[in-house]
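Chemist: Before we start, here is the structure in question, set down as structure tokens.
Residue numbers (our numbering), protein chains in the order written: chain D, 4 to 169; chain C, 3 to 506.
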């Protein structure tokens with residue numbers, strides 16, 4: 004049995020949203036930064052069990068430093084949200100609480116995974132300490148470049164959405 | 003034919019797709035995307051997957067802007083309108099690829115520039131943090147060194163006055179040279195730390211330029227000779243005899259450069275040349291150049307040699323000389339220039355503007371050894387000193403220094419809280435006080451003493467000693483009422499000279 008779930012990936016620009024999706028869907032990575040505009044949608048099927056899979060419809064949204072500007076239509080029918088920040092650029096996570104509040108308002112009751120990306124660029128222990136000191140909780144620290152925790156992120160979300168669907 | 007062309011033109015950027023409520027394609031144009039009738043619209047592109055469920059829960063038209071339907075942005079990027087038509091759904095795709103391509107190019111350049119600025123700011127912040135940490139570290143470190151160094155200098159002087167064998171005298175001489183070098187290094191560290199913190203200000207006054215040149219000539223001719231080198235100074239004869247500037251800091255720049263030249267030159271000569279660039283009204287511009295035939299500097303090191311703690315090879319010192327030169331010259335509104343070829347030698351030069359008095363000034367008479375002699379006569383009674391110092395080693399060193407003169411009776415207290423009791427019960431001629439005391443700081447204590455109602459107590463001369471030697475700190479201590487402040491490490495002469503100044 005296969006079910007389809009729409010997942011929106013958003014966050015500030017340049018945090019690596021497209022790279023995370025590309026790593027997950029195509030298992031590839033490029034250092035060249037190409038700005039995403041509007042929305043780009045891709046799909047990948049995640050096997051949950053031998054007879055059960057989830058088709059993740061991934062909506063890669065244009066980065067913005069103000070989530071109030073995210074078009075309402077992009078969020079319609081969303082089952083899950085991945086909020087991405089860049090661990091090497093504090094401006095992308097220093098207002099994370101406000102951003103999450105905006106999301107909860109725009110898409111009530113939709114599960115959100117908070118992801119710190121580009122962990123390969125920093126010393127993980129230092130970042131964990133900084134995030135801790137600033138009361139920033141996260142679900143995954145990923146690296147689209149090395150692939151670290153990328154599959155874990157999407158697979159865990161897929162399992163969670165599959166469970167929700169039951 | 004024309005109508006067909008018109009129709010083609012009108013529809014080339016548009017596609018209509020009609021589906022049923024479940025998203026099954028009932029009818030479709032094929033202009034932009036291939037849509038087979040009878041297939042689920044979600045199969046055409048994942049974007050359409052959620053359309054039926056969205057439309058089931060909404061009554062109105064829904065617009066989606068800037069949807070990338072091709073594999074790349076330049077393939078097909080469109081605005082999409084979805085209408086509810088009775089039980090069916092009408093999807094209209096507007097191909098706006100060209101428009102969004104130009105928008106993307108704009109966003110690319112804007113975002114890149116924002117991210118670059120952020121990264122530069124972060125980098126700067128990181129560098130500043132590193133610099134701050136380094137300065138704080140060296141400041142604390144040099145501070146910690148001051149007490150033991152004061153002790154070593156004091157005790158070496160005391161040892162020197164005992165009966166010594168020739169070998170012991172030789173050892174004492176080496177010991178004194180080493181402590182003197184260490185003291186100079188600490189001064190360098192202090193200078194660089196002050197420059198880095200912006201706490202160093204120039205202190206210009208009129209001085210005899212010829213005397214400064216003579217000092218350099220004497221010092222470096224001797225030092226160069228010791229290494230088998232030739233040192234020459236050439237000075238433009240049109241330079242006025244007296245100029246106005248910060249003599250001490252100019253000397254510091256020149257001695258650092260000359261020290262380096264001597265340090266890195268093994269054979270040949272070192273030439274200090276001072277030229278007059280320009281002279282107008284009461285202003286002159288001088289060019290100072292120090293040329294050597296030493297090791298030279300490899301091109302790749304030219305950028306970094308002016309950074310703190312950078313030095314070219316395993317030589318003495320802490321690598322602060324050129325950083326100090328750079329910092330001091332910046333304060334003087336000048337920059338250091340360098341021409342160097344590795345293996346052939348270096349030429350450092352810089353220009354500095356000075357004012358000069360149009361008439362020969364009358365300068366204060368320099369204190370000489372002759373008029374620096376102690377003022378107390380042999381038969382006069384001894385002075386009574388209260389030494390306030392908590393560090394036992396410094397206590398010992400200062401005590402020995404003073405007692406050896408035969409001029410003083412000394413009481414020692416290690417706690418600031420006991421000072422008042424001591425001075426009320428004993429008539430002291432002078433107080434020698436460490437500024438950093440337990441329980442109460444030296445400057446606070448002085449304020450208390452100065453406000454004491456008894457005149458003989460509130461007027462006691464107080465000399466502070468401190469390991470914190472920033473100028474503004476010293477000023478604070480003086481402001482608190484201390485008559486003088488000595489920065490550690492100081493030597494015996496400096497201490498006694500200062501004390502005698504306030505006795506008699």
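Virtual Cβ for every residue (Gly too), placed ideally from N, Cα, C.
1) On the three-pair Cβ rule with 8 angstroms, is the stretch 178 to 196 of chain C touching the stretch 220 to 234 of chain C?
2) What does residue 353/C pair with, by DSSP beta-bridge criteria?
3) For residue 96/C, report the span of its beta strand (DSSP E) as first-last.
4) Can you name, in chain order, every residue of its own chain whose Cβ lies under 6 angstroms from the Cβ of residue 117/D, other than the five neighbours on each side?
5) Where does residue 107/C sit, in a helix, a strand or coil, going by DSSP?
6) Let me know the secondary structure DSSP gives residue 281/C once reduced to three states.
7) Helix, strand or coil for residue 247/C, going by three-state DSSP, please let me know.
8) For residue 137/D, name the three-state secondary structure that DSSP assigns.
9) From this set, 188/C, 43/C, 103/C and 132/C, which residue's C-alpha is nearest residue 145/C's C-alpha?
10) What number of angstroms, rounded off, separates the C-alpha of residue 208/C from the C-alpha of residue 244/C?
11) Check distances from the C-beta atoms of the stretch 38 to 67 of chain D to those of chain C and list, in chain order, the residues that come in under 7 angstroms.
12) Is there a Cβ of chain D sitting closer than 8 angstroms to that of residue 15/C, yes or no?
13) Using CA atoms only, rank isn't needed, just tell me which of 57/D, 47/D, 46/D and 102/D is closest to residue 69/D.
14) For residue 443/C, does the three-state DSSP call read helix, strand or coil?
15) Against chain D, which members of the stretch 57 to 68 of chain C pass a CB distance test of less than 7 angstroms?
16) Can you tell me the Cα-Cα spacing of residue 359/C and residue 285/C, whole angstroms?
17) My output table needs one value for residue 470/C: the three-state DSSP class, helix, strand or coil.
18) With a 10 Å radius around its C-beta and 16 neighbouring C-beta atoms as the bar for buried, classify residue 282/C as buried or exposed.
19) CB residue 171/D to CB residue 144/D, shorter than 8 angstroms?
20) Is there a Cβ from chain C that is less than 8 angstroms from the Cβ of residue 74/D?
21) Flag residue 31/D as yes if its beta-carbon sits less than 8 angstroms from any beta-carbon of chain C, otherwise no.
22) If you reduce the DSSP assignment to three classes, tell me which class residue 1/C lands in.
23) To which residues of the same chain is residue 237/C closer than 6 angstroms at the C-beta, ignoring the five residues directly before and after it?
24) Could you check the C-alpha separation between residue 26/C and residue 108/D for me, to the nearest Å?
25) Residue 9/D touches chain C at which residues, Cβ-Cβ below 8 angstroms?
26) Taking the alpha carbon of residue 198/C as the reference point, which residue from 325/C, 356/C and 386/C has its own alpha carbon closest?
27) Using the Cα positions of residue 371/C and residue 499/C, report the straight-line distance between them to the nearest angstrom.
28) So for residue 83/D, helix, strand or coil by DSSP?
29) Who are the neighbours of residue 94/D on chain C, taking C-beta pairs under 8 angstroms?
30) Could you give the DSSP three-state label for residue 393/C: helix, strand or coil?
31) Mind checking which residues open and close the beta strand (DSSP E) that includes residue 64/C?
32) Alpha carbon to alpha carbon, how far is residue 125/D from residue 138/D? Give it in angstroms, no decimals.
33) Could you name the residues of chain D that residue 109/C contacts, counting a contact when the two beta carbons are closer than 7 angstroms?
34) Closest to residue 204/C by CA distance: which of 347/C, 480/C, 332/C and 59/C is it?
35) On a Cα-Cα basis, can you pick out the residue from 103/C, 405/C and 291/C that is closest to residue 278/C?
36) Can you pull the DSSP bridge partners for residue 388/C?
Modeler: This is what the structure gives:
1) Because the criterion of three Cβ pairs below 8 angstroms is not met, the stretch 178 to 196 of chain C and the stretch 220 to 234 of chain C do not touch.
2) 289/C
3) 90 to 97
4) 86, 141 and 142
5) helix
6) strand
7) strand
8) coil
9) 188/C
10) 6 angstroms
11) 38, 40, 41, 42, 43, 44, 45, 46 and 60
12) no
13) 102/D
14) Residue 443/C carries a coil assignment under DSSP once its states are collapsed to helix, strand and coil.
15) 64, 65, 66, 67 and 68
16) When rounded, the distance between both Cα atoms is 9 angstroms.
17) Residue 470/C carries a coil assignment under DSSP once its states are collapsed to helix, strand and coil.
18) Exposed.
19) A query on residue 171/D cannot be resolved here, the shown segment of chain D reaching from 4 to 169 and no further.
20) Residue 74/D counts as touching chain C.
21) no
22) Lying outside 3 to 506, the shown extent of chain C, residue 1/C is not represented and no answer is given.
23) 215 and 276
24) 33 angstroms
25) Chain-ordered, the chain C residues with CB closer than 8 angstroms to the CB of residue 9/D read 51 and 52.
26) Comparing Cα-Cα distances from residue 198/C to each of 325/C, 356/C and 386/C, the minimum goes to 325/C.
27) Residue placement at residue 371/C is poorly supported in this model, since its pLDDT is 42, which falls under 50; the coordinates still yield a value, given next. Looking at the two C-alpha atoms, the distance is approximately 11 angstroms.
28) strand
29) 120
30) Here residue 393/C carries a coil assignment [DSSP, helix/strand/coil].
31) From DSSP, the beta strand (DSSP E) with residue 64/C extends over 64 to 70.
32) 19 angstroms
33) 38 and 40
34) Comparing Cα-Cα distances from residue 204/C to each of 347/C, 480/C, 332/C and 59/C, the minimum goes to 332/C.
35) 291/C
36) 413/C and 433/C
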